[in-house]
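First to last, the sequence lines map onto chains U, X and W. Residues in the first sequence are numbered from 1 upward in steps of one, following the numbering used here. Residues in the second sequence are numbered from 497 upward in steps of one, following the numbering used here. Residues in the third sequence are numbered from 826 upward in steps of one, following the numbering used here. Data first, discussion second: the structure below is written as structure tokens.
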Amino acid sequence: MLDSLFTAAAYLGEGANIAYLLLGVAVGILFGSIPGLGGATAIALLLPLTFGMQPEQAIILMGGIMGAVSIGGSVSAILLNTPGTAPNAATCIDGYPLTRQGKAGVAIGAAATASSIGGIISLGILVAMLPVAKSIVLLFGPPAFFMLAVLGLTSLTVASSNLLRGLISACVGLFIGFIGYDDIGGTERYTGGIEFLWDGVSIVPLLIGLFAIAEMMNLYRTGGPITDRATGESVEVVGTPEGIRSVFANPRTLFSGAAIGTTIGMIPGVGGVVASFLSYSFVAQTSRDNQHFGSGDVRGVIAPEAANNAKDGGALIPTLAFGIPGSAEMAIFLGVLILHGIDPGPMLLIEREATILMLVLALLGATIISGLLILIGARYLARIAHIDSMVLIPSVITVSLVGAYSLHNTIGDVFVAVFFGLVGYFMIRADYPRITLIIAFVLSGLMERNFIQSMIMFEGNWLRMFGDVTTLVLFVLTLLALSIPLVRYLRKMRAA
Amino acid sequence: MCSRFLAVRCRHLLVALLVALSACGPPDSGSLDQATITLVIPYHPGGGFDRAARAFAPFLASELGPDANVLPENVPGAGGRRGATKVFKARPDGTTLGVFNLPGFVLPEILGEKVDYDLRNMSWIGQLESQPYALLVPGTSELRSIADIRQLEQITFLSTGYGASVLAATQIAAESFRLADEDPIFLSGYAGTADYLVGLIRGDGHVGIAPVSTAAPYIDSGDLRPLAVSGAISTLEGVPTFAELGYPELADLGVRRSIAGPPGIDSQLLGQLRDAFMRAATNPEFQAMAANMRLELSPLDGDEAAAAVAASFTFYEAFRTNLRNPNAL
Amino acid sequence: MFTLFRSRYADLVIAVLLFIIAGVATWTAYSYSRASGLFPIFTGWLFLALTGLEIAVQVRKPGHSGADIESGSTRRGMLVELGGPIWLGFLLLVVYIAGFLVAIPLFLFLFLYLAAERTVIRSAVFAILATVLIYGVFAGLLEYRLFAGVLFDT
Chain U
1 MLDSLFTAAA YLGEGANIAY LLLGVAVGIL FGSIPGLGGA TAIALLLPLT
51 FGMQPEQAII LMGGIMGAVS IGGSVSAILL NTPGTAPNAA TCIDGYPLTR
101 QGKAGVAIGA AATASSIGGI ISLGILVAML PVAKSIVLLF GPPAFFMLAV
151 LGLTSLTVAS SNLLRGLISA CVGLFIGFIG YDDIGGTERY TGGIEFLWDG
201 VSIVPLLIGL FAIAEMMNLY RTGGPITDRA TGESVEVVGT PEGIRSVFAN
251 PRTLFSGAAI GTTIGMIPGV GGVVASFLSY SFVAQTSRDN QHFGSGDVRG
301 VIAPEAANNA KDGGALIPTL AFGIPGSAEM AIFLGVLILH GIDPGPMLLI
351 EREATILMLV LALLGATIIS GLLILIGARY LARIAHIDSM VLIPSVITVS
401 LVGAYSLHNT IGDVFVAVFF GLVGYFMIRA DYPRITLIIA FVLSGLMERN
451 FIQSMIMFEG NWLRMFGDVT TLVLFVLTLL ALSIPLVRYL RKMRAA
Chain X
497 MCSRFLAVRC RHLLVALLVA LSACGPPDSG SLDQATITLV IPYHPGGGFD
547 RAARAFAPFL ASELGPDANV LPENVPGAGG RRGATKVFKA RPDGTTLGVF
597 NLPGFVLPEI LGEKVDYDLR NMSWIGQLES QPYALLVPGT SELRSIADIR
647 QLEQITFLST GYGASVLAAT QIAAESFRLA DEDPIFLSGY AGTADYLVGL
697 IRGDGHVGIA PVSTAAPYID SGDLRPLAVS GAISTLEGVP TFAELGYPEL
747 ADLGVRRSIA GPPGIDSQLL GQLRDAFMRA ATNPEFQAMA ANMRLELSPL
797 DGDEAAAAVA ASFTFYEAFR TNLRNPNAL
Chain W
826 MFTLFRSRYA DLVIAVLLFI IAGVATWTAY SYSRASGLFP IFTGWLFLAL
876 TGLEIAVQVR KPGHSGADIE SGSTRRGMLV ELGGPIWLGF LLLVVYIAGF
926 LVAIPLFLFL FLYLAAERTV IRSAVFAILA TVLIYGVFAG LLEYRLFAGV
976 LFDT
């Protein structure tokens with residue numbers, strides 16, 4: 001392995017190849033920051049460009065994009081409450097309040113640092129786990145996936161400030177997830193005959209509506225720039241270093257975020273949204289002194305940002321072990337590999353070790369470089385929060401709708417974004433949490449599909465699900481997640 | 497003086513406008529060698545379908561003429577039906593073509609769903625690929641033959657969801673193996689081929705069917721073992737065909753990718769397209785690229801492609817009663 | 826409806842609305858095949874129970890909700906509350922009919938001129954520059970074809 005590592009590093013160091021990496025990073029940051037675009041889109045768009053390249057160069061370019069996308073997305077999440085990519089949605093929860101308090105620099109500094117280090121940690125875990133990659137993937141069958149979805153949903157709902165409304169939002173999210181063609185039961189559900197809805201609602205326009213558009217309409221109502229306290233030059237300047245320091249001051253948050261991100265990333269089909277929200281919820285629930293989560297606790301930025309970069313390392317495991325893409329970007333990345341004559345599948349790791357290490361190094365490089373770039377630019381980026389909201393609002397709404405359209409070249413996505421923009425505005429005003437809606441939506445398909453498959457597997461006897469060790473472990477974790485608020489409540493009672 | 501200057505400017509502008517307009521005009525009805533043709537890909541970018549079409553497009557373009565352009569356009573949605581409908585309803589002037597998956601686009605009609613296109617009437621240009629299916633068991637399985645499968649007390653098949661070609665193929669195979677009495681479980685609903693292949697390795701089920709090229713990496717690594725292959729001749733070393741094992745009706749199982757235009761394309765244009773297609777498909781450079789991409793090139797000309805479509809309908813019609821949703825409960 | 830957010834019974838009305846939605850969704854779920862209907866039915870009943878609970882909570886103590894009760898004069902408050910949705914609806918309408926190329930500059934200009942109360946020149950310049958930038962990135966760099974509107978789409 002060490003040999004291949006040196007070969008890969010040497011190749012990466014050559015002039016033109018560094019240029020490809022930087023190009024990938026630049027594209028990744030740009031695409032990541034604009035809602036509606038994202039890593040998968042960037043890779044798909046640059047795919048034709050790679051036709052004339054060496055396979056290794058294409059991989060370096062793709063690695064550059066993948067490593068930089070979520071850092072780009074964190075900037076919009078923090079400054080505008082608009083997740084640039086779906087996994088950045090969790091960063092909005094505490095990142096945006098920090099901006100409103102004039103601490104955008106802190107948030108951006110923390111996000112960039114946590115992203116980079118989270119990515120590095122996950123790549124380390126990846127390399128260590130490669131020998132057992134196959135076994136890990138084989139641990140998760142339909143019963144385990146179902147229980148994982150339940151765990152994700154419970155732990156997040158339980159974290160909401162108003163449990164009842166959190167659950168109601170979750171139900172709404174589940175129903176939105178039911179829209180479309182169900183390919184197990186063979187029925188079209190809740191589409192009202194609209195052909196566009198046959199594929200269901202896409203998460204990106206949903207997020208754009210619920211977060212970006214809803215927030216802009218709320219800003220229209222409240223007025224003023226996003227940062228409402230008058231802040232001078234000095235606060236921004238010290239903001240970024242303070243943000244960087246906060247990451248090192250909270251190692252537990254950082255490591256738990258990276259660990260959860262890597263683990264969830266390993267499980268194909270679950271994705272970055274769950275990884276970032278789960279790590280956020282874990283930190284929010286288990287930290288001491290956690291009353292400030294949701295109103296500007298920097299740990300609420302560190303955890304999800306570490307997670308959403310860490311998931312890339314994790315997502316490589318099923319991708320390399322079996323050719324199952326662990327994320328949307330990986331799916332297209334596999335296409336790039338095939339295009340260049342590299343066969344994804346169990347033999348990839350054995351036959352093409354140097355190539356894989358090249359990808360790992362490219363991801364590493366991209367994570368670090370994009371982090372540095374954002375840190376350097378943080379001061380200027382933070383200024384965006386000072387722009388008069390009356391200029392910001394129409395701009396963000398416009399770009400959001402264009403982004404929503406660009407996803408699938410369908411006007412339907414624009415309607416979805418607008419509709420959920422109104423729903424989101426309604427939810428803000430009526431005080432129903434949007435987070436649980438999103439998580440329930442994301443998990444609804446996973447939960448249902450795997451539950452029904454488990455029922456088919458076990459011929460209706462669902463108790464047999466617990467015969468699977470992984471499922472049992474996840475079930476116990478779910479019970480634990482449910483008990484945490486209960487324990488805290490009891491402790492409060494006892495203290496009183 | 498000013499007016500003369502303006503007059504010159506106006507003339508230039510007029511000329512430029514006329515040139516632009518003429519370039520935008522419809523192609524001469526007799527020829528496509530300068531046309532821009534849209535090749536509709538009814539799926540999202542990045543998938544196997546998409547790659548095959550994009551690899552082929554430039555070759556088709558160069559065979560049509562030096563100024564011809566073939567632009568792939570992704571029109572995903574409704575399981576491919578949106579793209580198919582777009583091609584079906586386009587103007588039959590040869591400038592809109594689409595890549596179709598058989599039997600994927602045949603099945604909705606057989607299964608009784610409303611479709612807005614009629615595959616049998618499309619103007620078929622040619623077949624690009626033909627992928628045989630392999631009958632697979634886990635590498636560690638004790639099953640060595642179809643007879644062994646029939647001995648199992650409870651058999652579970654893995655596949656993607658209802659409406660997909662693989663589930664249909666699985667149901668037909670189960671019928672052919674006369675497993676109806678054993679009441680097999682069809683564990684469908686996996687998100688994609690790789691997902692149920694890994695499920696097979698994991699032990700979620702006993703048997704699965706998948707295109708040979710997708711299964712090949714797993715066969716090479718020993719994680720999966722093929723028991724039989726469809727087609728007239730086996731493409732896997734040492735693996736018999738269904739026909740050789742006594743199930744000739746399963747020989748036609750498989751996936752084909754063909755190119756077609758909307759119904760009613762003028763015969764001269766159609767001839768042009770078909771000729772260009774065959775030349776491109778048999779171009780050694782394209783064939784080398786295809787081999788690299790693991791495409792199973794099996795070019796057929798327009799008439800043969802159309803015949804294959806008709807044969808598909810007949811084949812799946814015959815098994816219609818076996819293709820009901822096994823999990824509708 | 827704008828007055829709703831300032832009424833003490835706002836939360837109750839919302840809960841009832843959600844209850845009705847839950848009912849419709851559950852009822853629809855019964856019309857699907859068993860496998861397709863299983864989860865929606867289960868979730869539907871859960872939804873009904875939860876919204877029923879919320880209704881009960883609101884009936885017992887209709888205190889002020891999380892929705893804030895700031896107010897200016899009724900008419901101003903109304904305009905501000907609905908302003909966002911109205912502008913959004915306008916943008917969507919123009920995008921649908923005439924496409925992005927017309928909608929973006931038109932919307933930006935009108936918003937800046939009317940809502941942000943900028944001068945005509947500034948509004949126009951910003952609208953044009955922003956449109957050029959957006960088209961430059963999306964249509965130029967990324968080679969997307971942006972929606973041309975039902976009016977212009979062949």
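Virtual Cβ for every residue (Gly too), placed ideally from N, Cα, C.
C-beta neighbour in chain U for residue i, strict 7 Å
i, result
"VAL884/W", "no"
"GLU895/W", "Because the pLDDT at GLU895/W is just 47, under 50, the model does not fix this residue reliably, and the value given afterwards should be weighed accordingly. By this cut-off, GLU895/W is not an interface position."
"ILE911/W", "no"
"TYR629/X", "no"
"SER717/X", "yes"
"LEU723/X", "no"
"PRO713/X", "yes"
"ASP563/X", "no"
"ALA690/X", "yes"
"ASN788/X", "yes"
"THR944/W", "no"
Any C-beta of chain X under 7 Å from that of residue i
i, result
"SER948/W", "no"
"GLY152/U", "no"
"ASP343/U", "yes"
Residue i at chain W interface by Cβ criterion, 7 Å
i, result
"ASP413/U", "no"
"SER808/X", "no"
"GLU448/U", "yes"
"ARG288/U", "no"
"TYR405/U", "yes"
"VAL237/U", "Confidence in VAL237/U is poor, its pLDDT being 47 and thus under 50, which makes the residue's placement too unreliable to answer from."
"ILE438/U", "no"
Cutoff 7 Å: residue i Cβ touching any chain C Cβ
i, result
"ASN823/X", "Protein chains U, X and W are contained in the structure displayed, whereas chain C is not."
Boundaries (first-last residue) of the alpha helix (DSSP H) holding residue i
i, result
"SER705/X", "What sits at residue 705/X in the sequence shown is Ile, not Ser. Here ILE705/X belongs to no alpha helix (DSSP H); instead the beta strand (DSSP E) covers 703-707."
"TYR220/U", "214-222"
"ARG494/U", "469-495"
"TYR11/U", "2-13"
"TRP870/W", "859-885"
"ARG165/U", "163-178"
"ARG770/X", "763-777"
"GLY757/X", "Note, GLY757/X: premise wrong, no alpha helix (DSSP H); beta strand (DSSP E) at 750-757."
"VAL75/U", "55-80"
"VAL602/X", "No alpha helix (DSSP H) holds VAL602/X; DSSP gives it neither H nor E."
Terminal residues of the beta strand (DSSP E) in which residue i lies
i, result
"PRO634/X", "619-634"
"THR592/X", "592-598"
Quiz item: Is it true that the segment 701-718 of chain X meets the segment 648-657 of chain X, where meeting means three or more beta-carbon pairs spaced less than 8 Å apart?
Solution: yes
Exercise. Please go through the segment 410-461 of chain U and give each complete alpha helix (DSSP H) segment of 4 or more residues, from N-terminal end onward.
Key: 411-430 and 435-457
Exercise. Would you list, in chain order, the members of the segment 848-863 of chain W that have their beta-carbon closer than 7 Å to a beta-carbon of chain X?
Key: SER858, ARG859 and ALA860
Quiz item: Listed from N- to C-terminal order along the chain, which residues in the segment 752-784 of chain X have their beta-carbon within a distance smaller than 7 Å of any beta-carbon of chain U?
Solution: none
Quiz item: Going along the chain, which unbroken runs of the alpha helix (DSSP H) with 4 or more residues stay wholly within the segment 540-568 of chain X?
Solution: 544-560
Practice problem: Taking a Cβ distance cut-off of 9 Å, strictly less, list which residues of the segment 136-149 of chain U are near chain X, in chain order. | Solution: VAL137, LEU138, LEU139, PHE140, GLY141 and PRO142
Quiz item: Looking at chain U, which residues of the segment 675-687 of chain X have a Cβ within less than 7 Å of any of its Cβ atoms?
Solution: ILE681, LEU683, SER684, GLY685 and ALA687
Practice problem: Flag this pair as touching only if the segment 25-41 of chain U and the segment 394-402 of chain U have three or more C-beta atom pairs under 8 Å; answer yes or no. | Solution: yes
Quiz item: Using 8 Å as the Cβ pair cut-off and three pairs as the minimum, do the segment 953-962 of chain W and the segment 926-943 of chain W touch?
Solution: yes
Self-check item: Proximal residues, the segment 176-202 of chain U versus chain X, C-beta separation under 9 Å
Solution: TYR181, ASP182, ASP183, ILE184, GLY185, GLY186, THR187, GLU195, PHE196, TRP198 and ASP199
Practice problem: Please name the residues in the segment 548-575 of chain X whose beta-carbon is closer than 9 Å to at least one beta-carbon of chain U, in chain order. | Solution: ARG550, ALA551, GLU569, ASN570, VAL571, PRO572, GLY573, ALA574 and GLY575
Quiz item: Which runs of the alpha helix (DSSP H) spanning at least 4 residues fall entirely within the segment 250-287 of chain U, listed in chain order?
Solution: 251-266 and 271-286
Quiz item: Going along the segment 391-405 of chain U in order, which residues come within less than 8 Å of chain W, judged by CB to CB distance?
Solution: VAL391, ILE393, PRO394, SER395, ILE397, THR398, VAL399, LEU401, VAL402 and TYR405
Quiz item: Using 8 Å as the Cβ pair cut-off and three pairs as the minimum, do the segment 358-371 of chain U and the segment 18-26 of chain U touch?
Solution: yes
Quiz item: Can you find at least 3 beta carbon pairs, one from the segment 542-552 of chain X and one from the segment 151-170 of chain U, that sit closer than 8 Å?
Solution: no
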